[in-house]
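Structure first, then comments.
Protein chains: 2
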Amino acid sequence: MKYHVTAKDVAKLAGVSQSSVSRVYFEGASVSNKTREKVLAAAKELGYRPNEFARSLITNRTKIIGLVMKGIHNPFYPEVLKQFTTAFNKLGYSILFVSTNNDEIQKEDIDMLRNYNVAGVIITDASLSLNVTEDFKENQVPLVLFNRKIDNDQFYSVCCNNLDASEKIAKYLIEKGCSKVAYIAGNANTSTSRDREKGFTSIIEKNNVTLNKYTSDYTYEGGYKTAKKIIAEKEVPEGIFVANDIMALGVVDALRENSIMIPAETKIVGFDNIEMASWPTYNLTTWEQPITKMVEQTVNYLMTEMVEFSGYTESVEVNGALIVRKTT
Amino acid sequence: MKYHVTAKDVAKLAGVSQSSVSRVYFEGASVSNKTREKVLAAAKELGYRPNEFARSLITNRTKIIGLVMKGIHNPFYPEVLKQFTTAFNKLGYSILFVSTNNDEIQKEDIDMLRNYNVAGVIITDASLSLNVTEDFKENQVPLVLFNRKIDNDQFYSVCCNNLDASEKIAKYLIEKGCSKVAYIAGNANTSTSRDREKGFTSIIEKNNVTLNKYTSDYTYEGGYKTAKKIIAEKEVPEGIFVANDIMALGVVDALRENSIMIPAETKIVGFDNIEMASWPTYNLTTWEQPITKMVEQTVNYLMTEMVEFSGYTESVEVNGALIVRKTT
DNA sequence: TTCGTTTTTGCATACGTATGCAAAATATCC
DNA sequence: GGATATTTTGCATACGTATGCAAAAACGAA
């Protein structure tokens, strides 16, 4: 069976006690340089690694972050995953990854995180109800909704400024001369889609512009099908705001298949600024979500709450920017 | 501070001993149905969850798989991530995620996995040297190279049949009438790129077909730049085999920008069958990597080795298939 | 050198759980 | 009902580590 080098083995070789070995690995503990060097030399010789489980049992803390991700297919999220991993690794934390298909997180999705006593939880692009998270709250595990918000003041969430951004996109399309526009929504009941629609709609309605709204589902196929539907209605709008980029790319492809000139006949604006948006084939005008800032904000909140849990909640919005390319 | 319900609390409420509580949660342990029901009722009432760390300390085993991923940007890998997560969750295992940029895994990349006593390790699309893995081997932690192989009989690896596939792609392009072809490689020294090149080259050289080879780096930008370079050489080949899809999409875009008709003037074949390959804009002919089978093979090997470590090594190749679309 | 203060160290213990072992309880057979 | 076999149970212990506390050591000032 497996043999582990323990702190006792190191202590013996270094000629100190096990608790001195422990103190060497615990930041800020009182230990002389002489002892520290002896211990580190012995540890190196023996290939010692502290056992995180034993530590966690004593300290009742871990260096594990639970990251619950829906929609890893959307190219926006691999980038989010990468940045979270990098940021937390630098801080000595590891990522326990959970993938889900559910728009609303179910208890089964994340119960496992409690077995591992995770230090914090991040949930991307999915909502969840209070009863699913009450255990986390009771156990003072901070939780962040990333790119999703719930309007009940019970969570900490980090989003792009969807409302403001969508208002700006509406104004931009109006400035570009559109008098008839469409909005293609993402998954029903998601805060991102709702806010993007709300912002866009509020400006359009204040101006002499016609608006049709369509529902879709934040996938390439959804965008493609919806555009086909719009085309079938025979009055293709001059401007289309699509709730996210991956959908927008489907819209672009469908319009092209029907020889609709972009942007001459119809201008397209997406949301996210995924990698593919900049590809020459698409060159999509889009609202850039400030991933790095959003990740930073999330990491800062968690690091603060993990040190001293206050349970404070807030809906944080980070400003993005309009990236103008060839679809408008 | 946090309060945990322990097995002792459950035992007290259920009127049994702590070890009976433990036996209820341990598969196959001897416990009467009467005791089991009492314990489960008490556990439910108190919201008890077994502490994985305490368990691991005793059993010296975990239900954690370390998944080390390079290149999460390539749409091939989010799908791999999702399938691994789903498969292992079903088996009661969790994924500890590590992201790396290194073609060759460094010790720092995965040392942390040892602190968590992971039950198994999967490394996607990266190589590593023996000295990085010797601790894992000594500690009988099985490790799988996914979509990468190293020709030294020291690892278990799971790949697509790159050699065979590339031979078939070469034959296919020859059948399509190509007398001048090019191969665009992925990252230098990767088994996937090397085998794809080897297979392609071996068939091309046996036939009266001209071949030019180019190096690139498995990114869209790499494909785009290399195609630009090919175009600048003024003799655009009739067929181009691109070592992976994301690169191939860049090649397609570059050719189009230069009004080169695909497939009339130049046929393009990629490798992977990522989601974007099927988009109408690209409709890329490609070799489909059998992700599901490859994931399955990996999971089976790990489940076997984790139960009883044998350390056996093999290079497993899973058959993919040619998907013919509009670029050829 | 002595004394007071500060730092370092080791001892003993506990964290929550699984498990070896022996005792207790239950089941089966005559 | 008694003897035997089997199953279940609780006790005591250990896993590897951090930590409270008191003792020992080190440091600095007079």
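Taken in order, these protein sequences are the chains called A and B.
The working numbering puts the first residue of the first sequence at 946, with every later residue one more than the last.
The working numbering puts the first residue of the second sequence at 946, with every later residue one more than the last.
C-beta atoms are modelled at their ideal positions from N, C-alpha and C, and glycine is treated no differently.
Nothing here was measured: the structure is a model prediction, and the numbers come from that model.
Measure from the alpha carbon of residue i to the alpha carbon of each residue in the options, then state which is nearest.
i: T1007 of chain B; options: B:V1013, B:E1241 and B:L1041; result: B:L1041
i: V1244 of chain B; options: B:F971, B:K957 and B:S1039; result: B:S1039
i: F1021 of chain B; options: B:D1217, B:M1239 and B:N1264; result: B:D1217
i: D1109 of chain B; options: B:E1142, B:F1100 and B:R1093; result: B:E1142
i: I1119 of chain A; options: A:E1183, A:I1175 and A:S1136; result: A:E1183
i: I1003 of chain B; options: A:L1200, A:A999 and A:T1004; result: A:A999
i: G1168 of chain A; options: A:V1196, A:T1078, A:N1005 and A:R1093; result: A:V1196
i: E1053 of chain A; options: A:Y1227, A:I1009, A:S1074 and A:S1255; result: A:S1074
i: A1188 of chain B; options: B:S1204, B:Y970 and B:T1171; result: B:T1171
i: I1055 of chain A; options: A:N1084, A:Q1085, A:G1011 and A:V1086; result: A:G1011
i: T1045 of chain A; options: B:G1037, B:M1057, B:Q1028 and B:I1050; result: B:Q1028
i: K1113 of chain B; options: B:R1093, B:Q1085, B:R994 and B:T1146; result: B:T1146
i: I1050 of chain B; options: B:G1037, B:L1036, B:I1068 and B:M1057; result: B:I1068
How big is the Cα-Cα spacing for residue i and residue j?
i: N1274 of chain A; j: V1214 of chain B; result: An answer regarding residue 1274 of chain A cannot be provided, because it is not within the stretch 946 to 1273 covered by chain A.
i: Y1163 of chain B; j: T1031 of chain B; result: 27 Å
i: L1090 of chain B; j: F1186 of chain A; result: 43 Å
i: K1271 of chain A; j: M1206 of chain A; result: 11 Å
i: S967 of chain A; j: G992 of chain A; result: 15 Å
i: N1062 of chain B; j: E972 of chain A; result: 22 Å
i: N1076 of chain B; j: M1251 of chain B; result: 21 Å
i: I1095 of chain B; j: D1048 of chain B; result: 13 Å
i: E1202 of chain B; j: I1268 of chain A; result: 22 Å
i: S1026 of chain B; j: N1019 of chain B; result: For clarity, residue 1026 of chain B is Leu in the given sequence; the question names Ser instead. Rounded to whole angstroms, L1026 of chain B to N1019 of chain B spans 11 Å at the Cα level.
i: K1174 of chain B; j: Y1159 of chain B; result: 9 Å
i: A1081 of chain B; j: T951 of chain B; result: The amino acid occupying residue 1081 of chain B in the given sequence is Phe; Ala does not appear at that position. If you take the alpha carbons of F1081 of chain B and T951 of chain B, they lie about 32 Å apart.
i: V955 of chain A; j: L1088 of chain B; result: 27 Å
i: W1232 of chain B; j: A1177 of chain B; result: 28 Å
i: N1134 of chain A; j: A1199 of chain A; result: 26 Å
i: D890 of chain B; j: S1255 of chain A; result: In the structure as shown, chain B begins at 946 and stops at 1273. Residue 890 of chain B is therefore absent and cannot be evaluated.
i: N1034 of chain B; j: A1266 of chain B; result: 28 Å
i: N1005 of chain A; j: E1166 of chain A; result: 46 Å
i: M946 of chain A; j: V1086 of chain B; result: Caution is warranted here: a pLDDT of 37 is assigned to M946 of chain A, below 50, making its placement in the model unreliable, and the coordinate value is therefore given only provisionally. Each residue's alpha carbon lies about 11 Å from the other.
i: A987 of chain A; j: S977 of chain A; result: 16 Å
I'd like to know whether the C-beta atoms of residue i and residue j end up nearer to each other than 7 Å.
i: Q963 of chain B; j: K979 of chain B; result: no
i: I1149 of chain B; j: D1190 of chain B; result: no
i: L1070 of chain B; j: G1016 of chain B; result: Contrary to the premise, residue 1070 of chain B reads as Asp rather than Leu in this sequence. Yes; because the gap between Cβ atoms is below 7 Å, this pair is in contact.
i: V1154 of chain A; j: V1181 of chain A; result: no
i: P1225 of chain A; j: V1263 of chain A; result: no
i: V1013 of chain A; j: V984 of chain A; result: no
i: E997 of chain B; j: N1060 of chain A; result: yes
i: M1239 of chain A; j: V1066 of chain A; result: no
i: E1241 of chain A; j: Y1101 of chain A; result: no
i: P1023 of chain A; j: P1023 of chain B; result: yes
i: A1193 of chain B; j: L1247 of chain B; result: no
i: K1116 of chain B; j: K1212 of chain B; result: no
i: S1124 of chain A; j: A1130 of chain A; result: no
i: S1278 of chain A; j: R1093 of chain A; result: Only positions 946 to 1273 of chain A appear in the structure, and residue 1278 of chain A is not among them; the question remains open.
Determine, using beta carbons only, whether residue i comes closer than 7 Å to chain B.
i: N978 of chain A; result: no
i: N1046 of chain A; result: no
i: T1030 of chain A; result: yes
i: R968 of chain A; result: no
i: A987 of chain A; result: no
i: P1023 of chain A; result: yes
i: M1057 of chain A; result: yes
i: N1060 of chain A; result: yes
i: I1017 of chain A; result: yes
i: D1070 of chain A; result: no
Can you check whether the C-beta of residue i is within less than 7 Å of a C-beta belonging to chain A?
i: R994 of chain B; result: yes
i: I1010 of chain B; result: no
i: L1002 of chain B; result: yes
i: A999 of chain B; result: yes
i: K1305 of chain B; result: What is shown of chain B runs 946 to 1273, which leaves residue 1305 of chain B out entirely.
i: I1040 of chain B; result: yes
- prompt: Curious, which full-length beta strand (DSSP E) runs of at least 3 residues does the segment 1101-1126 of chain A contain?
  reply: 1101-1105
- prompt: What beta strand (DSSP E) runs, 3 residues minimum, are completely inside the segment 1131-1174 of chain A?
  reply: 1155-1159
- request: List in chain order: all unbroken alpha helix (DSSP H) runs of 4+ residues lying wholly within the segment 1181-1211 of chain A.
  value: 1190-1202
task: Could you tell me which uninterrupted beta strand (DSSP E) segments, each at least 3 residues in length, are contained entirely in the segment 1015-1064 of chain B, listed from first to last along the chain?
output: Those beta strand (DSSP E) runs which fall completely within the segment 1015-1064 of chain B and span 3+ residues are 1039-1045.
message: Runs of 4 residues minimum, wholly inside the segment 1243-1267 of chain A: which ones carry the alpha helix (DSSP H) assignment?
response: none
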